[in-house]
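Read the sequence shown against numbering that gives the first Met the number 0 and you will find it ends at 219, with the numbers running on by one and no gaps. Structure record follows, encoded as structure tokens.
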Amino acid sequence: MTARPLRLGVLISGRGNNLQALIDACAAPGFPAEIALVVSNVAGAAGLDRARAAGVPVAVVDHKAFPGREPFEAAVTAQLEATGVGLVCLAGFMRLLTPGFVERWRDRLINIHPSLLPAYKGLDTHARAIADGARFSGCTVHFVRPDMDAGPIVVQAAVPVAQDDTPETLAARILTSELEIYPLAVRLIAEGRVAVEDERVRIRDGSALPAPAVNPPPGA
Ligand code: GAR
Numbered sequence: 000m001t002a003r004p005l006r007l008g009v010l011i012s013g014r015g016n017n018l019q020a021l022i023d024a025c026a027a028p029g030f031p032a033e034i035a036l037v038v039s040n041v042a043g044a045a046g047l048d049r050a051r052a053a054g055v056p057v058a059v060v061d062h063k064a065f066p067g068r069e070p071f072e073a074a075v076t077a078q079l080e081a082t083g084v085g086l087v088c089l090a091g092f093m094r095l096l097t098p099g100f101v102e103r104w105r106d107r108l109i110n111i112h113p114s115l116l117p118a119y120k121g122l123d124t125h126a127r128a129i130a131d132g133a134r135f136s137g138c139t140v141h142f143v144r145p146d147m148d149a150g151p152i153v154v155q156a157a158v159p160v161a162q163d164d165t166p167e168t169l170a171a172r173i174l175t176s177e178l179e180i181y182p183l184a185v186r187l188i189a190e191g192r193v194a195v196e197d198e199r200v201r202i203r204d205g206s207a208l209p210a211p212a213v214n215p216p217p218g219a
């Protein structure tokens, strides 16, 4: 008997490359998750078109239509609960979340961030890594905690910084790895292989992880 797929709610604000990676992963036979709903806080987000093209249900919950963060988040939660979501994936969702929402979905809420956390939390990660002369940056999938860009790390990929990188070229190289590690993290969670212990993630059979997704070679 195969287990029922984990139902994902994907929250977006923009172009939706990571959403597309999750859509594509879920379309593969045997993938242990399915996208139940895509929620965007921006009505014109390009990611909504990607979801519609894939036949995935979408909801627009425009934060500007609410008097504050809590009522906005309550509307998002209502949408997620109505579709039976078991794991919420932030995928370029550019709203800060209140502790109430984060605790409501504790250990069922993950985010992808374009740096090797805990380095470079917040915005402009690539420009800051280049300005510091960092030799590596990367991306991180982590469980969300109330502090911004903090929480137990599920999967990371290290990505080299080239000498002549601009924020745009580095962002593009890191995005390639984002599109690998987000589906990987979702798969590990959906397979029940991820446990949070003392605010650190333990992965069962972690040595079997695909190395290219964890530390991709330069230019890959
Ligand atoms: C991605 O690079 C993601 O890591 C980043 O926004 C981009 C969204 O792109 N997220 C954050 O910066 C969150 N702090 P996408 O919409 O094409 O997936």
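Ideal Cβ positions, reconstructed from N, Cα and C, are used throughout, including at glycine.
Residue burial annotation: D148 is buried, with at least 16 other C-beta atoms found within 10 angstroms of its C-beta.
Inter-residue distance for V143 and V158 is about 22 Å (C-alpha atoms, whole angstroms). V60 is the residue among V185, G83, G205 and V60 whose C-alpha sits nearest the C-alpha of F92. In the DSSP assignment, S176 is bridged to no other residue.
Note that the C-beta distance between I109 and C138 is not below 8 Å. The three-state secondary structure of V160, taken from DSSP, is coil. Proximity of the region 122-131 to the region 45-57 falls short of the contact definition, fewer than three beta-carbon pairs being nearer than 8 Å.
Of the residues L36, A73, T124 and S12, the one whose Cα lies closest to the Cα of T165 is T124. Counting only the Cα atoms, R134 lies some 30 Å from A24. Bounds of any alpha helix (DSSP H) do not take in H141; it lies within the beta strand (DSSP E) bounded by F135 to F142. Taking all protein chains in view, the Cβ of R186 is crowded by 16 or more other Cβ atoms within 10 Å, so the residue is classified as buried. For A20, the three-state secondary structure derived from DSSP is helix. Under the criterion of beta carbons closer than 8 Å, G46 and R14 qualify as touching, at roughly 6 Å. Boundaries for V60: no alpha helix (DSSP H) harbours it, and the DSSP string shows neither H nor E there. By the 16-neighbour rule on beta-carbons within 10 angstroms, Q162 is exposed. In the assembly as shown, S206 is an exposed residue. Its beta-carbon has fewer than 16 other beta-carbons within 10 Å. If you look at V75, you'll find it in the alpha helix (DSSP H) that goes R68 to A81. Annotated as distal: V84 and V153, with beta-carbon spacing of 8 Å or more.
N17 and E69 have their alpha carbons spaced roughly 26 Å apart. Closer than 7 Å to some heavy atom of ligand 1: that does not describe the Cβ of L116.
A residue is called buried once 16 or more other Cβ atoms fall within 10 Å of its Cβ, and P151 is buried on that count.
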